[in-house]
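Visitor: Sending over a structure as structure tokens; questions will come in a sec.
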DNA sequence: AAAGCTACCAAGCAAGTGCTTGGTAAGCAA
DNA sequence: TTGCTTACCAAGCACTTGCTTGGTAGCTTT
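Chains as they are written, first to last, in this note's numbering: chain S, 1 to 217; chain L, 1 to 217.
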């Protein structure tokens with residue numbers, strides 16, 4: 001076996017000012033599932049496990065154990081295992097978009113807005129805001145094409161923000177779609193090598209470095 | 001189920017002038033396993049399947065069926081399933097290094113050498129030269145840390161070539177290690193969106209675009 | 001010819017997998 | 001009180017998984 005790590009991990013909730021009320025608002029608006037409901041708790045547990053061990057190596061028994069129920073009881077809340085993955089991805093997508101939109105809005109200049117996008121996605125990837133964001137890329141192939149379409153539709157707005165920020169920062173004649181894709185890969189891959197630590201680089205510093213590579217000066 | 005595609009796929013051998021003799025030389029030198037031996041044929045089949053469906057979703061029965069033997073017979077050649085993955089990664093690493101070294105050597109200027117690195121890795125990622133290269137990243141977590149170390153040691157020279165090419169092209173005060181990591185992520189992610197086609201962009205054009213983003217002018 | 005090696009088969013085991021079934025207890029509404 | 005809904009349990013089914021075992025045919029070496 002691989003991907004060690006077992007035993008219950010304390011649920012890491014998004015921390016930071018306002019994230020709680022932001023979630024509540026989204027729940028009230030029906031855009032997000034209440035994380036305190038049985039479904040919500042299962043989705044959070046699934047997100048963490050899929051993130052740690054991967055979808056295929058996570059069993060429904062693992063997920064059930066995380067919230068303290070038996071495996072069969074999961075299928076009272078979800079039709080099958082893949083529906084859990086699909087729901088996780090949809091939740092993550094919605095929340096990531098709202099969060100990034102806020103960060104971009106708070107930025108002053110075009111360059112600052114691009115930096116906000118980069119930092120926002122870095123935070124998501126490294127689990128500081130949205131547990132399970134990396135699943136969107138890492139486990140994309142585990143989703144049936146039908147469910148992929150659903151998530152892709154939800155993702156359109158997210159990508160629109162990115163394209164706008166890139167075009168504004170790098171000029172209209174730059175290929176925003178291409179740069180976004182290169183950036184997405186570069187940022188996602190930090191998941192595999194970057195470890196935020198007290199001594200080393202912070203996520204903010206990393207965001208600056210990335211910004212300087214993709215948009216020099 | 002997901003990741004459709006079944007049925008035997010014709011073995012796609014690396015094509016291109018000299019690749020055959022290059023392989024033969026590496027086999028003779030004991031650096032590569034003969035692709036016509038039972039072990040070699042199993043490794044090639046495994047590489048394709050791991051690439052298509054992922055390691056966890058590929059069964060030893062799948063691999064065995066690809067080469068026309070029964071599943072149990074696999075364990076005459078490999079101790080366990082993970083050893084197959086480890087061997088595939090080692091084979092891929094060795095071959096990718098030799099290939100890239102050749103491409104870099106043939107290039108004239110520092111900028112051309114960086115382009116050669118980019119194109120070489122793009123070709124590897126998209127299966128034009130080395131079936132299974134993407135496994136190195138996509139299935140990294142499926143490897144035990146002990147086997148990870150083995151592959152990492154083999155990979156050192158490969159990364160050294162990259163760092164040299166980046167430093168030469170972008171100046172010694174650039175952070176070659178960081179840029180390499182961003183590039184690796186950006187290039188690997190093309191696996192998810194770039195489809196070389198007659199109408200659209202070629203890999204060569206893509207390499208040029210990437211070069212211009214990471215090393216403008 | 002004898003001995004050993006390589007490459008496989010045939011059969012199956014033990015563990016784990018997603019998911020189903022029938023039932024129960026608690027809360028709430030009529 | 002009655003009936004409905006939500007959230008779960010207990011048990012297990014049907015299937016898949018990696019891997020094991022004992023054996024055999026053919027080739028090569030001595």
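Each residue gets a CB set at the ideal place from its N, CA and C atoms; glycine is no exception.
1) Please state whether DSSP places residue 217/L in a helix, a strand or coil.
2) Any contact between the region 158-174 of chain L and the region 160-173 of chain S? By contact I mean 3 or more CB pairs, one from each, below 8 Å.
3) Could you give the uninterrupted runs of the alpha helix (DSSP H) lying entirely in the region 37-120 of chain L, keeping only those of 4 residues or more?
4) Quick check: is the beta carbon of residue 216/S nearer than 8 Å to any beta carbon in chain L?
5) Helix, strand or coil: how does DSSP classify residue 199/S here?
6) Using C-beta distances below 8 Å, list every residue in its chain close to residue 217/L, excluding the 5 sequence neighbours before and after it, in chain order.
7) Of all the residues that make up the region 144-155 of chain L, which are near chain S by a beta-carbon distance shorter than 8 Å?
8) In this structure, how does DSSP classify residue 25/L when only helix, strand and coil are distinguished?
9) Please report how far the alpha carbon of residue 176/S lies from the alpha carbon of residue 210/S, in whole angstroms.
10) Would you say residue 56/L lies against chain S (beta-carbon separation less than 8 Å)?
11) For residue 144/S and residue 192/L, I'd like the C-alpha separation in whole angstroms.
12) How about residue 44/S and residue 35/S: do their beta carbons lie closer than 8 Å?
13) Quick one: using the 10 Å Cβ neighbour count with 16 as the cut-off for buried, is residue 61/S buried or exposed?
14) Could you name the residues of chain S that residue 180/L contacts, counting a contact when the two beta carbons are closer than 9 Å?
15) How long is the line joining the alpha carbons of residue 54/S and residue 142/S, rounded to whole angstroms?
16) Going along chain S, which residues have a C-beta under 8 Å from residue 188/L?
17) How about residue 203/L and residue 136/L: are their beta carbons less than 8 Å apart?
18) Against chain L, does residue 209/S count as a neighbour if the rule is that its beta carbon must be under 8 Å from one of theirs?
19) Using the three-state DSSP reduction, which class does residue 126/S fall into: helix, strand or coil?
20) Can you confirm whether residue 202/S, when its beta carbon is compared against all beta carbons of chain L, has any partner nearer than 8 Å?
21) Residue range of the alpha helix (DSSP H) that residue 164/S falls in?
22) Is the beta carbon of residue 78/L closer than 8 Å to that of residue 84/L?
23) Return no unless some Cβ of chain L is closer than 8 Å to the Cβ of residue 193/S.
24) Report the three-state DSSP secondary structure of residue 1/S (helix, strand or coil).
25) Quick check on the DSSP output: the alpha helix (DSSP H) that includes residue 281/L runs from which residue to which?
26) Counting only C-beta atoms, is residue 199/L closer than 8 Å to chain S at any point?
27) Ignore the nearest five residues each way along the sequence and tell me which others in residue 115/L's own chain have a CB closer than 8 Å to its CB.
28) Short of 9 Å Cβ to Cβ, which residues in the region 110-143 of chain S face chain L?
29) Contact check, residue 42/S vs residue 23/S under 8 Å by CB: the rounded distance?
30) CA-CA distance, residue 40/S and residue 33/S?
31) What residues from chain L crowd round residue 213/S, counting only those whose CB sits closer than 8 Å?
32) Out of 127/L, 146/L, 156/L, state which residue places its alpha-carbon closest to the alpha-carbon of residue 196/L.
33) Tell me which residues share the same chain as residue 3/L and place their Cβ nearer than 6 Å to its Cβ, disregarding the 5 neighbours each side in the sequence.
34) Do we get a CB-CB distance below 8 Å when we pair residue 51/L with the residues of chain S?
35) What would DSSP say about residue 209/S, mapped onto helix, strand or coil?
Guide: Quick look at the numbers:
1) Locating residue 217/L in the second chain gives position 217, counting from the first residue. In this structure, residue 217/L counts as coil in the three-state DSSP scheme.
2) Contact between the region 158-174 of chain L and the region 160-173 of chain S is absent, with fewer than three C-beta pairs closer than 8 Å.
3) You should have 38-53, 60-67, 81-106.
4) Along the first chain, one-based indexing puts residue 216/S at 216. Residue 216/S belongs to the set of residues whose beta carbon lies under 8 Å from a beta carbon in chain L.
5) Numbered from its first residue, the first chain carries residue 199/S at position 199. Coil, per DSSP.
6) Here residue 217/L corresponds to residue number 217 of the second chain, with the count starting at 1. The same chain holds no residue with a CB closer than 8 Å to that of residue 217/L once the five nearest residues on each side in sequence are set aside.
7) If the cut-off is 8 Å between Cβ atoms, the region 144-155 of chain L has 144 near chain S.
8) On the second chain, position 25 is the one that residue 25/L refers to. Shown here, residue 25/L sits in a helix according to DSSP, grouped into three states.
9) Counted from its first residue, the first chain places residue 176/S at position 176. Counted from its first residue, the first chain places residue 210/S at position 210. Cα to Cα, the separation comes out at about 16 Å.
10) Along the second chain, one-based indexing puts residue 56/L at 56. Between residue 56/L and chain S, the shortest Cβ-Cβ separation is below 8 Å.
11) Walking along the first chain from the start, residue 144/S turns up at place 144. Walking along the second chain from the start, residue 192/L turns up at place 192. Rounded to whole angstroms, residue 144/S and residue 192/L show a C-alpha spacing of 15 Å.
12) As a working note, residue 44/S is residue 44 in the first chain. As a working note, residue 35/S is residue 35 in the first chain. Taking a C-beta distance under 8 Å as the contact criterion, residue 44/S and residue 35/S qualify as a contact pair.
13) Residue 61/S sits at position 61 when you count from the first residue of the first chain. Its Cβ having fewer than 16 others within 10 Å, residue 61/S is exposed.
14) Within the second chain, residue 180/L is the residue found at index 180, counting from 1. Within 9 Å Cβ-Cβ: nothing; residue 180/L doesn't reach chain S, min ~10 Å.
15) Your numbering for residue 54/S matches position 54 in the first chain. Your numbering for residue 142/S matches position 142 in the first chain. Their backbone Cα atoms lie some 10 Å apart in a straight line.
16) One-based indexing of the second chain puts residue 188/L at position 188. The contact set of residue 188/L on chain S, defined by CB atoms closer than 8 Å, consists of 185, 189 in chain order.
17) For the purposes of this step, residue 203/L is taken as residue 203 along the second chain, with counting starting at 1. For the purposes of this step, residue 136/L is taken as residue 136 along the second chain, with counting starting at 1. Residue 203/L is not a Cβ neighbour of residue 136/L, given a cutoff of 8 Å.
18) The sequence position of residue 209/S within the first chain is 209, counting from 1. So, interface residue.
19) Taking the first residue of the first chain as position 1, residue 126/S is located at position 126. Here DSSP, grouped into helix, strand and coil, assigns residue 126/S to coil.
20) For the purposes of this step, residue 202/S is taken as the residue at position 202 of the first chain. No, its Cβ sits nowhere closer than 8 Å to a Cβ of chain L.
21) For the purposes of this step, residue 164/S is taken as residue 164 along the first chain, with counting starting at 1. That run of the alpha helix (DSSP H) goes 145-170.
22) Here residue 84/L refers to the residue found at position 84 when the second chain is read from its first residue. Here residue 78/L refers to the residue found at position 78 when the second chain is read from its first residue. Cβ atoms of residue 84/L and residue 78/L: closer than 8 Å.
23) For the purposes of this step, residue 193/S is identified with residue 193 of the first chain, where counting begins at 1. Chain L, which has a Cβ nearer than 8 Å to the Cβ of residue 193/S, makes this yes.
24) For this step, residue 1/S is matched to residue 1 along the first chain. At residue 1/S the pLDDT is 31, less than 50, meaning the model places this residue with poor confidence and gives no usable figure here.
25) Any answer about residue 281/L is impossible in this case: the structure gives chain L only from 1 up to 217.
26) Numbered from 1 along the second chain, position 199 holds the residue referred to as residue 199/L. So, not an interface residue.
27) Here residue 115/L refers to the residue found at position 115 of the second chain. 107, 207, 208, 211.
28) Identification of residues in the region 110-143 of chain S having a C-beta nearer than 9 Å to some C-beta of chain L yields 137, 138, 140, 141, 142, 143, given in sequence order.
29) If you number the first chain from 1, residue 42/S lands on position 42. If you number the first chain from 1, residue 23/S lands on position 23. 16 Å between Cβ atoms; not a contact.
30) Sequence index remark: in the first chain, residue 40/S carries index 40 (1-based). Sequence index remark: in the first chain, residue 33/S carries index 33 (1-based). Separation of residue 40/S and residue 33/S (C-alpha to C-alpha, rounded to the nearest whole angstrom) is 6 Å.
31) Stepping through the first chain from its first residue, residue 213/S is reached at position 213. The contacting residues are 178, 179, 182, 214.
32) Here residue 196/L refers to the residue found at position 196 when the second chain is read from its first residue. Checked all of 127/L, 146/L, 156/L; the closest Cα to residue 196/L is 127/L.
33) For the purposes of this step, residue 3/L is taken as the residue at position 3 of the second chain. Note that residue 3/L scores 37 on pLDDT, short of 50, meaning its location in the model is unreliable; the coordinates nonetheless yield the value given after this. Excluding the 5 residues flanking it on each side, residue 3/L has same chain C-beta neighbours closer than 6 Å at 53, in chain order.
34) Within the second chain, numbered from 1, the residue matching residue 51/L stands at position 51. Among the residues facing chain S, residue 51/L is not included, as its CB has no counterpart in that chain under 8 Å away.
35) On the first chain, position 209 is the one that residue 209/S refers to. Here residue 209/S sits in helix by DSSP.
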